[in-house]
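Q:
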Amino acid sequence: MASIDIIKNKCVGCKKCVSACPFGAIEVENKKASIGEKCTLCGSCAESCHFGAINFVRDKIIKNDLSEYRGIWVFAEQRKGKLKSVALELLGKARELAEDLDTETVAVVLGHNIENLSKELIAYGADRVMVMDADWLSGFNDQVYGEVMVGLINEHKPEIVLMGATSNGRSLAPCISSALSTGLTADCTVLETDREERLLLQTRPAFGGNLMATIVCPNNRPQMATVRPKLFKPLNPDYTRNGRVDILPASSQIEGFVKKIRDIDNEEEINLTEADIIVGVGKGIGSQKNIQLAQELADALGAALGASRPVVDSGWMPYCQQVGQTGKTVAPKLYIACGISGAIQHLAGLADIETIVAINNDPDAPIFKLANYKIVGDVKEILPLITDKIRNKKS
Ligand SMILES: Cc1cc2nc3c(=O)[nH]c(=O)nc-3n(C[C@H](O)[C@H](O)[C@H](O)COP(=O)(O)OP(=O)(O)OC[C@H]3O[C@@H](n4cnc5c(N)ncnc54)[C@H](O)[C@@H]3O)c2cc1C
Ligand code: SF4
Ligand code: SF4
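Taking this note's numbering, I'd label the letters of the sequence shown as residues 7 to 401.
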């Protein structure tokens, strides 16, 4: 395990290390630096101190035999027998990477009554589908799914494993990577390869989005990355494609560990990342009570409800509904921004939206620069008017 500490009698309080830390983990008080809880032991600050006051000890690098690892796996997340869109998006990207590395694309799907998904996975780019079908896999549980995936990875040795940055993917991926002592890059926005070194170049925003960092995992396998839904486009499905389907025996060992499989209800997430219409709620809504006004519009339109970060930070809506740089990326056909200013970090979560309607009482709000339809006024008055119109039209 790496370690870090500040040698206090060498520290002169120059603060160079503070700006070198991407996680805001260093504070300088009374001319002495100290490392806080946010430290991830990334080592970025190690070289920044000209006074030899940072004692950073790196992990011993154990170089494993990487030559036996081949193939690109996509964890094909499904819910109730329906594939998540991100699984198909990742398969398209995996095909591209597999062609670069001259290897195969494998979709791994776990669940119950899911064998029929193989055809779709092959049509969207899988050369091979590995299916584990068991009643105890019917609901997602990160420990159970993690055990299964770790067993499969140890047995089949893929060189790359890609997963959707959904709430299930976000909890499953670190379970696997830590069990296998390999690297994991979350929320990648670009995935490329270095053919010669057979490396996955994993690019993602760093330093609060001000820089793009490309991360590699040279010493361990598999190389693991998560990607948010809607970032990549799926291939056009080709149902004439042939592929191999391996029905895997459900591991009885793991079944023994399964006491109760927790089915996390992700209705919100399904709605948000896959919705065609989203009503986005911003701080301008004024209070938690007023969110009901947006909910009524969403219900009338069959839309999902999204939120800006201040709305989530205020506890008015849960984090799973946050849109933006540190929330979800969404790509509905219609986005109705209600009392949202249009900060860059919020807009970072809006991809490929056909139509934006913005309601804001400030005619100079930045969101109006993007909006196709602009409504200047009090969102609390305007929302019920639109909802009524839609209800009347429907009836
Ligand atoms: C590293 C980092 C990551 C971030 N990640 C995210 C993220 O993922 N998602 C995100 O959303 N933000 C994120 N933010 C925060 C972001 O910078 C903005 O602060 C945030 O998006 C603003 O949210 P808002 O538009 O709801 O609130 P505000 O900026 O407060 O805007 C409220 C808007 O409502 C309007 N308004 C007020 N009253 C009314 C009314 N009665 N009727 C109509 N309009 C009204 C105002 O004119 C204003 O335009 C991040 C910030 C940082 C630094
Ligand atoms: S860079 Fe070195 S001397 Fe300067 S504050 Fe940090 S630890 Fe202290
Ligand atoms: S090791 Fe990384 S996270 Fe920890 S203080 Fe240094 S730069 Fe910050």
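For every residue, glycine included, the Cβ atom is placed at its ideal position computed from N, Cα and C.
(1) With distances taken from CA atoms, which of E33, R227, K88 is nearest S73?
(2) So, with DSSP's three-state summary, where would you put F62?
(3) Looking only at C-alpha atoms, which of D193, A52, L389 sits nearest to E302?
(4) Check this for me: beta carbons of P235 and L205, under 8 Å apart or not?
(5) So which residues put a beta carbon under 5 Å from any heavy atom of ligand 1, going in chain order?
(6) Whole angstroms are fine: how far does the CA of C17 sit from the CA of A364?
(7) With burial defined as no fewer than 16 other Cβ atoms inside 10 Å of the residue's Cβ, what is the status of E387: buried or exposed?
(8) On the DSSP bridge list, what partners appear for F81?
(9) With 16 other CB atoms within 10 Å as the buried threshold, where does S401 fall?
(10) By the DSSP assignment, the beta strand (DSSP E) with K38 in it spans what residues?
(11) Within 10 Å of its beta-carbon, does I217 have 16 or more other beta-carbons around it, so buried, or fewer, so exposed?
(12) Who are the Cβ neighbours of Q176 in its own chain at under 8 Å, not counting the five residues just before and after it?
(13) Just to confirm, is the Cβ distance from P338 to A281 under 8 Å?
(14) Can you give me the start and stop residues for the alpha helix (DSSP H) that D106 sits inside?
(15) For ligand 3, is there a heavy atom less than 7 Å away from the beta-carbon of I32?
(16) What are the boundary residues of the beta strand (DSSP E) that R234 is part of?
(17) Let me confirm a value: R201 is counted as buried when at least 16 other C-beta atoms fall within 10 Å, else exposed. Which label applies?
(18) What did DSSP end up calling R315 once you bin it into helix, strand or coil?
(19) On the criterion of 16 or more Cβ atoms from any shown chain inside 10 Å, does N174 qualify as buried, or is it exposed?
(20) On the DSSP bridge list, what partners appear for S9?
(21) At what residues does the alpha helix (DSSP H) containing K22 begin and finish?
(22) If we call anything under 8 Å between Cβ atoms a contact, is P362 one with A349?
(23) According to DSSP, what are the bridge partners of I283?
(24) Any heavy atom of ligand 2 inside 7 Å of the beta-carbon of S144?
(25) Buried or exposed for N366, going by 16 or more other Cβ atoms inside 10 Å?
(26) For A179, does the three-state DSSP call read helix, strand or coil?
(27) Does at least one heavy atom of ligand 2 sit under 7 Å from the Cβ of A52?
(28) For N174, which three-state DSSP category applies?
(29) Assign N225 to one of three DSSP states: helix, strand, or coil.
(30) Rounded to the nearest angstrom, what separates D271 and C326 at their Cα positions?
(31) Consider the C-beta atom of C23 and the heavy atoms of ligand 2; say whether any pair is separated by less than 7 Å.
(32) For the region 132-143 and the region 47-56, state whether three or more C-beta atom pairs, one from each stretch, are separated by less than 8 Å.
(33) Can you tell me whether F62 sits near ligand 2, meaning its C-beta is under 7 Å from at least one heavy atom of the ligand?
(34) Out of curiosity, what's the CA-to-CA distance linking A31 and L190?
A: On the basis of the supplied data:
(1) R227
(2) strand
(3) L389
(4) no
(5) G214, G288, K289, G290, S314, R315, P316, G330, Q331, T332, G333, G345, I346, S347, A349, Q351, H352, N366, N367, D368, A371, D384, V385
(6) 51 Å
(7) exposed
(8) V114
(9) exposed
(10) 38-41
(11) It should be noted that the sequence gives Leu, not Ile, for residue 217. L217 is exposed by the Cβ-count criterion.
(12) Reading off the sequence shown, one finds Arg at residue 176, where the question assumed Gln. Cβ within range, chain order: A192, T232.
(13) yes
(14) 91-107
(15) yes
(16) Where R234 is concerned, there is no enclosing beta strand (DSSP E), given that its DSSP letter is neither H nor E.
(17) exposed
(18) helix
(19) buried
(20) V63
(21) 22-26
(22) According to the sequence displayed, residue 362 carries Ile and not Pro. Result no, Cβ atoms of I362 and A349 do not sit closer than 8 Å.
(23) L340
(24) no
(25) buried
(26) helix
(27) no
(28) helix
(29) coil
(30) Confidence is the limiting factor: at D271 the pLDDT is only 42, short of 50, which leaves the residue's position unreliable and the question unanswerable from this model.
(31) yes
(32) no
(33) no
(34) 21 Å
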